[in-house]
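A.B. asks:
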Amino acid sequence: MKNILILGGGFAGVEAAIFLRKENYNVTLVSDREFFYIFPTSIWVPTRETAFEKLCVDLKELQEAHGFDLIVDSVEDISAQKGAVTLASGKVLDKYDDLVIAMGASKMKHKGLEHTLSICGAPEQSLLIRDQVDKIVAMGEGKICFGFGGNPKDSSAVRGGPGFELLFNVHNLLKKKGIRDKYELTFFAPMPEPGKRMGPKALKMMAKFFDMLDIKSHFGKKIKAFEKDGIIFEDDSKLESDFTMFIPAGDGHEVIKKSDLPLNEAGFIKIDDHCNVRFSDVDTFCDGEDMSRPHNIYAIGDTAALEGYEWRAKQGHIAEVMARNVAHNIKEKEKENGGESFLGYNEHLNILCVMDSGDGASFVYRDDKRAFMIPMPVVGHWLKKGWGVYARYSKLGKIPRIPGM
Ligand SMILES: Cc1cc2nc3c(=O)[nH]c(=O)nc-3n(C[C@H](O)[C@H](O)[C@H](O)COP(=O)(O)OP(=O)(O)OC[C@H]3O[C@@H](n4cnc5c(N)ncnc54)[C@H](O)[C@@H]3O)c2cc1C
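Here my numbering is used: the first residue of the sequence shown is 13, the next is one more, and so on.
(1) Between Gly-21, Gly-116, Arg-60, Lys-269, which has its C-alpha nearest Ser-91's C-alpha?
(2) Here's a check: name, in chain order, each residue in its chain whose Cβ is nearer than 7 Å to the Cβ of Arg-404, leaving out the five neighbours to either side.
(3) Decide if Asn-181 is buried, meaning its Cβ has at least 16 other Cβ atoms within 10 Å, or exposed.
(4) Which two residues bound the contiguous beta strand (DSSP E) that contains Arg-378?
(5) Looking at the unbroken alpha helix (DSSP H) that takes in Tyr-405, where does it start and where does it end?
(6) Let me check understanding here. Comparing Cα to Cα, which of Glu-246, Ala-117, Phe-200, Val-289 lies closest to Lys-326?
(7) Find the nearest neighbour of Gly-328 within the set Gly-21, Asn-15, Leu-17, judged by alpha-carbon distance.
(8) Buried or exposed for Ala-28, please, with buried defined as at least 16 other CB atoms from any protein chain shown within 10 angstroms of its CB.
(9) For Ile-83, which residues in the same chain have their Cβ closer than 6 Å to its Cβ, ignoring the five residues on either side in sequence?
(10) Going straight from the alpha carbon of Ala-96 to that of Leu-74, what length do you get?
(11) When the Cα atoms are used, what is the spatial distance from Glu-344 to Pro-274?
(12) Pick helix, strand or coil for Lys-228, following the three-state DSSP scheme.
(13) Helix, strand or coil for Ser-118, going by three-state DSSP, please let me know.
(14) Would you tell me roughly how many angstroms separate the C-alpha atoms of Gly-161 and Val-26, rounded to the nearest one?
(15) Less than 6 Å separating the Cβ of Lys-119 from some heavy atom of ligand 1?
(16) Which one or two residues does DSSP pair with Asn-288 in a beta bridge?
(17) Under 6 Å from any heavy atom of ligand 1, does the C-beta of Val-112 make it?
(18) What is the rounded straight-line gap between the Cα of Pro-412 and the Cα of Ser-406?
(19) Got a sec: does ligand 1 put a non-hydrogen atom nearer than 6 Å to the Cβ of Phe-23?
(20) Once DSSP output is grouped into helix, strand and coil, what is the label at Ser-167?
(21) In its own chain, which residues sit with a C-beta less than 8 Å from the C-beta of Asn-163, not counting the 5 before and 5 after it?
(22) Taking buried to mean at least 16 other C-beta atoms within 10 Å of its own C-beta, is Arg-324 buried or exposed?
(23) Can you give me the Cβ contacts of Ala-335 inside the same chain, cut-off strictly under 6 Å, excluding the 5 residues immediately before and after it?
(24) Can you determine whether any heavy atom of ligand 1 sits closer than 6 Å to the C-beta of Ser-43, and answer yes or no?
(25) How many angstroms separate the CA atom of Gly-370 from the CA atom of Tyr-108?
(26) I'd like to know whether the C-beta atoms of Gly-398 and Ala-373 end up nearer to each other than 7 Å.
(27) From the DSSP output, in three-state form, read off Asn-337 for me.
(28) Can you tell me whether Asp-299 is buried or exposed, with buried defined as 16 or more other CB within 10 angstroms of its CB?
(29) Taking 6 Å as the cut-off, is the CB of Ala-278 close to at least one heavy atom of ligand 1?
(30) So, under 8 Å CB-CB, Phe-258 and Phe-199 are touching, yes? Tell me the CB distance rounded to an integer number of Å.
(31) In the DSSP assignment, find the unbroken alpha helix (DSSP H) run with Asn-36 in it and report its ends.
(32) If you reduce the DSSP assignment to three classes, tell me which class Ser-54 lands in.
(33) Which residues in the same chain have their Cβ closer than 7 Å to the Cβ of Ala-100, if we skip the five residues on either side of it in sequence?
(34) Can you list, in chain order, the residues of its chain whose CB lies under 7 Å from that of Lys-240, leaving out five sequence neighbours each side?
(35) How long is the line joining the alpha carbons of Met-218 and Pro-387, rounded to whole angstroms?
(36) Is the beta carbon of Ala-339 less than 7 Å from the beta carbon of Leu-71?
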């Protein structure tokens with residue numbers, strides 16, 4: 013049986029490990045974290061609606077459930093040509109048949125970023141945001157600013173949804189405490205129409221929500237720097253803030269950027285539709301002609317450069333589709349004729365999320381034909397909570413998987 017090495021233990025890496033084990037391959041997963049983190053439900057940590065620990069699934073438990081090997085260590089170097097991966101411990105992994113890279117993304121750097129916290133940063137940041145929310149509630153009044161930035165080199169790396177969700181949840185928390193009127197809540201972003209990728213209807217509905225909830229908006233001005241007490245924009249104007257939650261756009265992972273892998277301008281790994289790393293623009297999944305190029309490397313999830321629609325976005329469910337496809341494609345490639353029914357990710361590109369507000373939610377969907385946002389008061393909130401429980405227990409194999417989820 014083939015030996016498959018997976019780098020990264022997030023949505024993409026864990027799904028790949030589960031599905032490659034279903035095909036009976038020997039799988040080794042390397043992660044610099046001891047747990048798989050359920051990012052989408054982390055928006056409730058800062059408002060104490062959920063405990064941080066509930067979002068962490070121990071990788072050892074996943075290992076036991078699915079039978080893969082686990083190495084908790086940090087990848088420091090990847091050499092495609094040498095076929096070797098070097099870990100922080102000095103260990104070199106070079107005995108694999110196929111390599112699946114699923115290490116996620118880094119974040120864009122901004123001046124003064126240390127004055128902000130991000131709900132999309134390291135998992136532990138959600139706890140620091142919780143401390144800041146506690147602090148500002150104790151102050152009894154204040155100015156809170158939430159926002160996100162863009163990556164001009166890759167629009168798919170922008171993540172704004174969790175920023176909206178967390179803001180609505182904080183609004184709700186202040187309302188419950190009867191002190192909402194003592195706070196100024198502002199959402200800021202450098203683009204004139206943040207959230208546009210969700211489609212025109214969603215954009216209109218977000219504007220309505222902002223009006224209804226008395227949330228100010230500050231859009232269309234580039235961010236120059238963050239300071240302890242506010243945000244400075246390109247025209248040197250300042251938005252005052254006692255606490256700033258800011259989600260920088262995604263950027264290529266540092267280890268990937270210094271590797272010999274082919275990258276797009278932003279530092280994400282170039283792949284073809286089947287998630288095979290594309291070493292040249294004429295490469296196709298199974299050309300197999302030029303043996304000087306490795307044909308056994310795949311990149312999936314946030315680490316990969318998505319291609320296609322201008323509204324495309326790096327999302328967890330796309331990461332999982334890519335992972336399942338790679339498990340299928342590796343198996344397919346082993347067929348005597350080299351395989352013919354390879355699966356692609358592009359036809360599955362869509363935006364799909366349940367945007368939570370603390371007391372309800374909206375279902376957001378966009379593909380190449382449709383774009384809509386459906387309000388789901390109360391029930392939406394509980395649906396998202398239910399999904400969090402489903403994500404944990406289905407990955408641990410304790411409840412059956414719903415196909416495609
Ligand atoms: C707050 C929040 C809410 C979200 N909501 C949604 C949603 O509603 N719907 C949706 O579809 N998507 C959502 N997303 C996006 C989704 O979580 C990401 O697209 C998904 O996590 C990408 O998975 P990934 O495995 O590619 O990357 P990641 O989840 O980032 O995983 C990367 C893994 O690689 C590991 N790693 C990194 N560097 C190294 C290294 N050097 N050595 C070893 N291991 C390393 C990390 O520890 C991590 O385990 C949300 C994201 C956030 C942050």
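Glycine included, C-beta positions come from ideal geometry on N, C-alpha and C.
C.D. replies: On the basis of the supplied data:
(1) The sequence position of residue 91 within the sequence shown is 79, counting from 1. Checking every option, the nearest Cα to that of Ser-91 belongs to Lys-269.
(2) Start at 1 with the first residue of the sequence shown, and residue 404 comes out as number 392. The residues are Ile-50, Val-69.
(3) Within the sequence shown, residue 181 is the residue found at index 169, counting from 1. By the neighbour-count rule (16 or more Cβ atoms within 10 Å), Asn-181 is buried.
(4) Locating residue 378 in the sequence shown gives position 366, counting from the first residue. Looking at the DSSP string, the run of the beta strand (DSSP E) that includes Arg-378 is 372-378.
(5) By one-based count along the sequence shown, residue 405 stands at place 393. First-last of the alpha helix (DSSP H) with Tyr-405: 391-407.
(6) Taking the first residue of the sequence shown as 1, we reach residue 326 at position 314. The shortest C-alpha separation from Lys-326 is found at Ala-117.
(7) Sequence index remark: in the sequence shown, residue 328 carries index 316 (1-based). Looking only at Gly-21, Asn-15, Leu-17, the smallest Cα-Cα distance to Gly-328 is reached by Gly-21.
(8) On the sequence shown, residue 28 is found 16 positions in, with the first residue counted as 1. Around the C-beta of Ala-28, 16 or more other C-beta atoms lie within 10 Å, and the residue is accordingly described as buried.
(9) The count along the sequence shown starts at 1 and reaches residue 83 at position 71. Excluding five sequence positions before and after Ile-83, the CB atoms of its chain that fall closer than 6 Å to its own CB belong to Val-42, given in chain order.
(10) Taking the sequence shown and counting its residues from 1, the one referred to as residue 96 is at position 84. Taking the sequence shown and counting its residues from 1, the one referred to as residue 74 is at position 62. Cα to Cα, Ala-96 sits roughly 25 Å from Leu-74.
(11) Residue mapping note: residue 344 aligns to position 332 of the sequence shown, counting from 1. Residue mapping note: residue 274 aligns to position 262 of the sequence shown, counting from 1. The straight-line gap from Cα to Cα measures roughly 24 Å.
(12) Position 216 of the sequence shown, counted from the first residue, corresponds to residue 228. In the three-state DSSP reduction, Lys-228 falls in the strand class (E or B).
(13) Taking the first residue of the sequence shown as position 1, residue 118 is located at position 106. Strand, per DSSP.
(14) Here residue 161 corresponds to residue number 149 of the sequence shown, with the count starting at 1. Here residue 26 corresponds to residue number 14 of the sequence shown, with the count starting at 1. In this structure, the straight-line span from the alpha carbon of Gly-161 to that of Val-26 is close to 28 Å.
(15) Position 107 of the sequence shown, counted from the start, is the residue given in the question as residue 119. It does not: the Cβ of Lys-119 is nowhere closer than 6 Å to a heavy atom of ligand 1.
(16) Within the sequence shown, residue 288 is the residue found at index 276, counting from 1. For Asn-288, which the question treats as bridged, DSSP gives the partners Tyr-310.
(17) Taking the sequence shown and counting its residues from 1, the one referred to as residue 112 is at position 100. Not under cutoff, so the answer is no.
(18) Within the sequence shown, numbered from 1, the residue matching residue 412 stands at position 400. Within the sequence shown, numbered from 1, the residue matching residue 406 stands at position 394. Their Cα atoms are separated by approximately 6 Å.
(19) Position 11 of the sequence shown holds residue 23. With a cutoff of 6 Å, Phe-23 counts as near ligand 1, since its C-beta is closer than that to a heavy atom of the ligand.
(20) Residue numbering aside, residue 167 sits at position 155 when the sequence shown is read from its first letter. Assigned with DSSP and collapsed to three states, Ser-167 falls in helix.
(21) Along the sequence shown, read from residue 1 onward, the residue named residue 163 stands at position 151. So the list reads Met-120, Ala-169, Val-170, Ala-261, Gly-262, Asp-263, Ala-278, once near-sequence residues are dropped.
(22) Working through the sequence shown from its first residue, we reach residue 324 at position 312. Under this definition Arg-324 is a buried residue.
(23) As a first step, residue 335 is located in the sequence shown; it is residue number 323 there, counting from the start. Beyond the five residues adjoining it in sequence on each side, Ala-335 comes within less than 6 Å, by CB distance, of Ala-24, Glu-27, Ala-28, Ile-312 in the same chain, given in chain order.
(24) The count along the sequence shown starts at 1 and reaches residue 43 at position 31. Ser-43 Cβ: within cutoff of ligand 1.
(25) Here residue 370 refers to the residue found at position 358 of the sequence shown. Here residue 108 refers to the residue found at position 96 of the sequence shown. About 46 Å.
(26) Position 386 of the sequence shown holds residue 398. Position 361 of the sequence shown holds residue 373. Judged by their CB atoms, Gly-398 and Ala-373 are not nearer to each other than the 7 Å cut-off.
(27) For the purposes of this step, residue 337 is taken as residue 325 along the sequence shown, with counting starting at 1. Looking at Asn-337 - three-state DSSP - the assignment turns out to be helix.
(28) Position 287 of the sequence shown, counted from the first residue, corresponds to residue 299. A caution first: Asp-299 carries a pLDDT of 48, below 50, which makes its placement in the model unreliable, though a value can still be read off. Asp-299 is exposed by the Cβ-count criterion.
(29) Residue numbering aside, residue 278 sits at position 266 when the sequence shown is read from its first letter. No - ligand 1 has no heavy atom lying nearer than 6 Å to the Cβ of Ala-278.
(30) Reading the sequence shown from its first residue, position 246 is the one you call residue 258. Reading the sequence shown from its first residue, position 187 is the one you call residue 199. In fact, because the Cβ distance is near 11 Å, the residues do not count as touching under 8 Å.
(31) By 1-based counting over the sequence shown, the position of residue 36 is 24. Taken as a continuous stretch (DSSP letters only), Asn-36 belongs to no alpha helix (DSSP H), as it is neither H nor E.
(32) As a position in the sequence shown, residue 54 is number 42, starting the count at 1. Helix, per DSSP.
(33) Within the sequence shown, numbered from 1, the residue matching residue 100 stands at position 88. Same-chain partners within the cutoff: Asp-85, Ser-86, Glu-88.
(34) Here residue 240 refers to the residue found at position 228 of the sequence shown. Contacts found: His-127.
(35) Your numbering for residue 218 matches position 206 in the sequence shown. Your numbering for residue 387 matches position 375 in the sequence shown. Cα-Cα distance, rounded: 11 Å.
(36) The residue you call residue 339 lines up with position 327 of the sequence shown. The residue you call residue 71 lines up with position 59 of the sequence shown. Between Ala-339 and Leu-71, the CB-CB gap reaches or exceeds 7 Å.
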